[in-house]
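Comments concern the structure below.
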Amino acid sequence: MTVDRPAWLDAGQMSPLDDKLGIRITDFDPDHVVGTMPVEGNQQPFGLLHGGATCSLVETVGSWAAALGAGPGRQAVGVELNVSYLRAATQGTVTAVATPVRRGRTLATFTIEVTDEQGRVTATARLTCMLLAA
1 MTVDRPAWLD
11 AGQMSPLDDK
21 LGIRITDFDP
31 DHVVGTMPVE
41 GNQQPFGLLH
51 GGATCSLVET
61 VGSWAAALGA
71 GPGRQAVGVE
81 LNVSYLRAAT
91 QGTVTAVATP
101 VRRGRTLATF
111 TIEVTDEQGR
121 VTATARLTCM
131 LLAA
């Protein structure tokens, strides 16, 4: 099931970096925000998906999940990110899914799993965001 962007979220809130990397949010369900990113154009010199690009995807998806949970008039700012790389991605598109671990009043933590087009896990991550008034 795909949930559309809530009306209170500005469509222009995708960052210039997200645009450069080709990151797209495809499901705005607060219980599992989903985003995709192409491998092409985001590789390191050896042809593998760059770890920094993976971190950007993970932080984007987790931050959207935190913002959705925080609700209108609030914003989410990443304060801690941990990523483990498990398998190289060399082509196609990777997909990241953020699920909540804990949603508090001022902090929210999410696990994010990144998979390739064959459904193989390429990275796992944990993101903690601080929730602030906008």
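So the sequence shown is residues 1 to 134, counted in UniProt numbering. Note that the Cβ used here is the ideal one computed from N, Cα and C, for glycine as well. Only a predicted model underlies this, so the values are computations on that prediction, with no experimental measurement involved.
| Asked | Found |
| --- | --- |
| Please specify which runs of the alpha helix (DSSP H), each continuous and at least 4 residues long, are wholly inside the region 50-122, giving them in chain order. | 51-70 |
| Consult DSSP for residue 6 and reduce its assignment to one of helix, strand or coil. | coil |
| Rounded to the nearest angstrom, how far is the Cβ of residue 26 from that of residue 94, given a contact under 8 Å? | With a Cβ gap of about 12 Å, residue 26 and residue 94 do not count as contacting. |
| Taking C-alpha atoms, which residue in 14, 19, 34 and 8 lies nearest to residue 111? | 34 |
| With three or more C-beta pairs closer than 8 Å as the rule, is the region 99-115 touching the region 57-65? | yes |
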